[in-house]
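Okay, so here's the structure we're looking at.
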Amino acid sequence: MTTNTKSKPRTTLSQPNARSQGAREHTQDQQWFPGDMERNFRRSLGRHNLHLALLELAARTFTKKIAEQPSESIFIRDIAKTEGFHSLHLQGEAFKNARAYLVFSHIAYVFSAGDALCQRIRSHAEIRTLKTQDQTLARALDEGDFITKTLALTVWASSSPEKRLVSAIQKEAEKIKTTPSFETVNYYRLVRNMELHTESDEGTGILEPEWQALPHEAILSRYGLRPSRYGDLNSNDALLCSKAWQDVAKWLCRHVLNDSQITIPLLARRYGNLSHARRKNAATNFMKEALLMSDAEVVDILTELGWLTD
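Per the UniProt record's numbering, residue 1 is the first one in the sequence shown, and the count goes up by one each step.
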């Protein structure tokens with residue numbers, strides 16, 4: 001279908017008024033474009049990953065020194081006394097257990113960045129408009145953990161009007177939650193909660209069924225890493241958690257805006273008056289960078305606009 005790009009764009013209840021939308025477009029407000037939110041999230045992860053790498057490097061170096069000693073506890077205790085930790089008494093493989101805190105801390109930092117992203121998505125202008133328009137549906141979707149709630153809202157936002165029903169949205173959200181990225185993030189969410197909110201070692205047994213249920217081969221194929229059992233977590237788990245969160249973040253940000261109600265009118269306004277070749281190239285770059293669309297999604301939108309053969 002060919003769209004007349006010179007005609008007045010469709011008006012929807014979820015569309016901001018022309019004045020406010022124009023301001024967002026000119027300033028490329030980070031609250032407006034999905035790509036900005038996603039890139040800010042990745043920058044935050046990059047800072048955490050750098051610090052983890054440095055700490056892990058220090059831990060590995062110290063572990064090698066420990067391996068050369070006849071007694072780990074005596075070696076560490078002597079160093080501790082030199083550094084002023086006179087009351088430090090060790091039992092067993094104390095440093096191995098201490099290294100686990102690096103992993104748990106990094107996972108917690110990754111989820112802190114993820115929680116902040118979810119909050120930004122939930123407060124996005126389009127999401128707020130939807131929740132204001134249908135408060136009953138908004139309350140019905142406000143169930144589960146923070147990621148689940150945010151997922152439901154983005155499914156709602158990106159759905160066509162006839163599919164904006166509780167049952168349809170929840171069904172689609174449950175389907176998405178079974179993908180390797182969401183499954184992986186959910187597992188490490190449970191790990192994070194178990195480590196931060198319990199006082200016992202029950203997590204090893206409790207999370208075994210969740211670990212067994214993971215799509216291990218699909219996760220390995222996607223990320224080149226496997227999730228470890230709760231009691232065997234290592235630095236690769238922190239890295240895997242970060243990688244999976246990046247995929248989840250991209251999906252959530254990508255689906256904040258509705259293609260038919262927001263994206264197509266937006267593209268028509270921004271690029272409709274350009275020459276054929278320029279508008280196709282400009283719109284393609286914008287969809288990939290600012291809207292996080294895949295090649296196939298770009299083709300679909302260009303076809304809808306009648307710009308594919310420009």
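Cβ coordinates follow ideal geometry from the N, Cα and C atoms, glycine included. Since the model is a prediction, treat every value here as computed from it, not as a measurement.
| Query | Result |
| --- | --- |
| Alpha helix (DSSP H) segments (min. 4 residues) lying fully within the segment 165-225 | 166-177, 180-197, 203-206, 208-212, 216-223 |
| Buried versus exposed call for Asn-234 [16 or more other C-beta atoms within 10 Å across all chains shown] | exposed |
| Endpoints, the alpha helix (DSSP H) within which Ser-242 is located | 235-254 |
| Completely contained alpha helix (DSSP H) runs for the segment 88-158, where each covers 4 or more residues | 94-122, 125-133, 135-140, 146-158 |
| CB-CB length for Val-185 against Val-248, believed under 8 Å | 5 Å |
| Own chain partners of Gly-35 with C-beta closer than 6 Å, once the 5 adjacent residues on each side are dropped | Glu-289, Ala-290, Leu-292 |
| Thr-179 versus Leu-151: straight-line alpha-carbon distance, rounded | 13 Å |
| Simplified DSSP state of Arg-279, which is helix, strand or coil | helix |
| Cα-Cα separation, Gly-46 to Arg-120 | 19 Å |
| 7 Å Cβ shell around Asn-273 - same chain, five flanking residues per side excluded | none |
| As assigned by DSSP and simplified to three states, the class of Ser-228 | coil |
| C-alpha gap between Leu-302 and Met-287, whole angstroms | 10 Å |
| Nearest to Phe-182 (by Cα), restricted to the options Cys-241, Ser-105, Asp-259 | Cys-241 |
| Test item: CB-CB of Cys-253 and Glu-56 under 8 Å | no |
| Outcome for Lys-81 when other beta-carbon atoms lying within 10 angstroms are tallied against a minimum of 16 | exposed |
| Within 8 Å, strictly: CB atoms of Arg-42 and Phe-111 | no |
| Spatial distance of Ile-206 from Ala-53 (CA atoms) | 30 Å |
| Helix, strand or coil at Thr-82 [DSSP, three-state] | helix |
| Buried or exposed by the 16-neighbour rule on C-beta atoms within 10 Å, applied to Leu-141 | buried |
| Extent of the continuous alpha helix (DSSP H) to which Asp-36 belongs | 34-67 |
| Ala-116 to Gln-69 span [Cα, whole Å] | 44 Å |
| Closest residue to Ser-160 among Val-256, Lys-96, Phe-85 (Cα-Cα distance) | Val-256 |
| Backbone CA spacing between His-276 and Glu-217 [nearest angstrom] | 45 Å |
| Length of the line joining the Cα atoms of Glu-174 and Glu-208 | 22 Å |
| Three-state class that DSSP yields for Thr-309 in the structure shown | coil |
| Collapsed DSSP secondary structure at Leu-292 in the structure displayed | coil |
| Close Cβ partners of Leu-90 (< 8 Å) along its chain, the five nearest in sequence each way excluded | Glu-72, Ser-73, Ile-76, Arg-77 |
| Beta carbon of Ala-108 nearer than 8 Å to that of Arg-229 | no |
| Minimum C-alpha distance to Trp-211 - residue among Arg-269, Leu-88, Asp-237, Ser-221 | Asp-237 |
| Whole-angstrom distance between Asp-232 and residue 323, CA atom to CA atom | This structure gives no information on residue 323, because the portion of the chain shown stretches from 1 to 310. |
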